[in-house]
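What follows is a single structure, written as structure tokens, with notes after it.
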Amino acid sequence: MFGKKEEEKKECGCGPECECSCKDEDTKVEETKQEGILAKKDEEIGKLQAEVEDWKQSYLRKQAEFQNFTKRKEKEMEELRKFASEKIITKLLDGLDNLERAITASSATKDFDGLVKGVDMILGQLKGIMESEGVEEIKAEGKYDPVFHHAVMVEDNPEFEDDHIVLELQKGYTMKGKVIRPSMVKVCKRG
């Protein structure tokens, strides 16, 4: 009914102060169990350390990839900023060429009426380029609006109501709805 060890314990009458061989065997069995548990724990720790190292290496690779991506995007943005105006400049070169031709032709023929006509055509061409890029003139009529107008002078003029524009000194422009240069105006201010 009892195992061999239990029989030995019964035979020897093991007590707390017994020094028989059955206690040594129990201690050896216990030590073997603990060694097995420690071996399993060491194995698990080894696996976890390997997994942590894999995650660490993966993280470092991803971090390096992200830094390379960031550098590449910064370089692309720098290139974009550097050549952003290339399209519009290319369009303006045609107007510049036409203006130079008009000046050369009018100097040779002394036909200043033709020069005025040519310059007017070039002005129309330049305005067309601006419109194609979303640039629109700001109307400098009616009531003064500080968002669209920059008042540089005031005048008490009985012909105009208070805070109305008397004179446009320089045209203003918006580009795709954003003010890129406000109109410079003289505004009526009544005393």
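Taking my numbering, I'd label the letters of the sequence shown as residues -6 to 184. Beta carbons are placed, not taken as given, at the ideal position from N, Cα and C, and that holds for glycine.
Cβ-Cβ separation, residue j to residue i (assumed contact under 8 Å), whole Å
i, j, result
"residue 100", "residue 142", "Their Cβ separation, rounded to whole angstroms, is 39 Å, which puts residue 100 and residue 142 out of contact at 8 Å."
"residue 118", "residue 165", "Rounded, the Cβ-Cβ distance is 21 Å, inconsistent with contact."
"residue 133", "residue 158", "5 Å"
Counterpart residues of residue i in DSSP-defined beta bridges
i, result
"residue 158", "180"
"residue 144", "178"
"residue 172", "167"
"residue 136", "157"
7 Å Cβ cutoff met for residue i and residue j
i, j, result
"residue 179", "residue 160", "yes"
"residue 84", "residue 115", "no"
"residue 167", "residue 129", "yes"
"residue 126", "residue 81", "yes"
6 Å CB neighbourhood of residue i in its chain, flanking five on each side removed
i, result
"residue 0", "With a pLDDT of 47 at residue 0, under the threshold of 50, the modelled position of this residue cannot be trusted; read the value that follows with caution. Closer than 6 Å at the Cβ level, and outside the excluded window around residue 0, lies no residue."
"residue -3", "In this predicted model, residue -3 has a pLDDT of only 49, less than 50, meaning its place in the structure is not dependable; the value taken from the coordinates is given anyway. So no residue of the chain qualifies."
"residue 182", "147"
"residue 47", "none"
Residues near residue i by beta carbon distance below 8 Å, same chain, minus five either side
i, result
"residue 124", "none"
Enclosing beta strand (DSSP E) for residue i [first to last residue]
i, result
"residue 129", "128 to 130"
Proximity test, Cβ basis, 7 Å: residue i and chain C
i, result
"residue 22", "The structure shown contains no chain C; it is built from a single protein chain."
Delimiting residues of the alpha helix (DSSP H) encompassing residue i
i, result
"residue 84", "79 to 102"
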